[in-house]
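For the sequence shown, the numbering used here gives the first residue as 13, with consecutive numbering after it.
Backbone N, C-alpha and C define an ideal beta-carbon position, used for all residues, glycine too.
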Amino acid sequence: MTESQKSRNELEEMLIRLLQKEYSLCGEIEDLTKELAEAMDRDDQVSIGMVLKMRGQTMAEVDKAVRERRLVLNAAGEGKERLQKLTTGQEVPDMTETEKRILRLFESRRLILERTAGLDRKISKRLAGEKSFYSK
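In structure tokens:
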């Protein structure tokens with residue numbers, strides 16, 4: 013294995029770890045959003061406040077992980093364009109197993125975010141009606 017291949021493998025493994033972290037955190041946000049909906053159904057103001065705070069903190073952690081991933085990609089040399097495509101959900105020709113894994117992780121993360129956004133949309137419209145962020 014050449015030094016270039018070794019460096020690329022390390023970069024891919026780092027991206028996988030960061031995407032796994034993002035996936036895990038996005039799953040936490042989804043769970044907290046469900047808890048928020050349940051607290052709203054019970055009209056439990058204390059729980060609503062606590063869940064909103066925890067969700068905000070977790071969102072900040074996701075933002076940090078995304079920034080870390082972008083920094084890693086920006087520092088990438090050879091193959092940077094391929095990796096950027098994979099981490100935006102685009103397939104590339106002749107994908108390796110590791111590249112397929114990166115793409116699957118990104119896609120799984122995207123699906124969680126879509127589900128969470130759908131639930132968040134319902135919560136927001138229920139709370140704010142026509143003034144909801146999603147009504148615009």
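Proximity winner among the options, relative to residue i (alpha-carbon distances)
i: E47; options: S36, C38, S59; result: S59
i: R116; options: Y35, L23, D43; result: Y35
i: S120; options: M26, R133, Q32, I135; result: Q32
i: N21; options: K134, R133, E109, D55; result: E109
i: R113; options: A87, L27, G89, K92; result: L27
i: S19; options: R54, A129, E90; result: E90
i: F118; options: M107, K97, A129, D106; result: K97
Beta-carbon proximity check, residue i vs residue j, cutoff 7 Å
i: V63; j: A51; result: yes
i: L5; j: R81; result: Outside the displayed range of the chain (13 to 148) lies residue 5, so it cannot be described from this structure.
i: I124; j: E25; result: no
Whole-number beta carbon distance between residue j and residue i, since they are thought to touch under 8 Å
i: R127; j: G101; result: At roughly 16 Å, the Cβ-Cβ gap does not stay under 8 Å, so R127 and G101 are not in contact.
i: T14; j: E40; result: Rounded, the Cβ-Cβ distance is 39 Å, inconsistent with contact.
i: L95; j: L83; result: Not a contact, Cβ separation roughly 13 Å.
Residue i versus residue j: straight-line alpha-carbon distance, rounded
i: C38; j: T45; result: 10 Å
i: L23; j: L131; result: 35 Å
i: V104; j: S136; result: 37 Å
i: K134; j: R79; result: 29 Å
i: A77; j: K92; result: 18 Å
i: Q17; j: Q57; result: 54 Å
i: D53; j: D106; result: 49 Å
i: A49; j: E142; result: 19 Å
i: D55; j: A129; result: 21 Å
Local Cβ density within 10 Å of residue i, reported as buried at 16 or more and exposed below that
i: D75; result: exposed
i: T99; result: buried
i: R67; result: buried
i: E111; result: buried
i: A87; result: exposed
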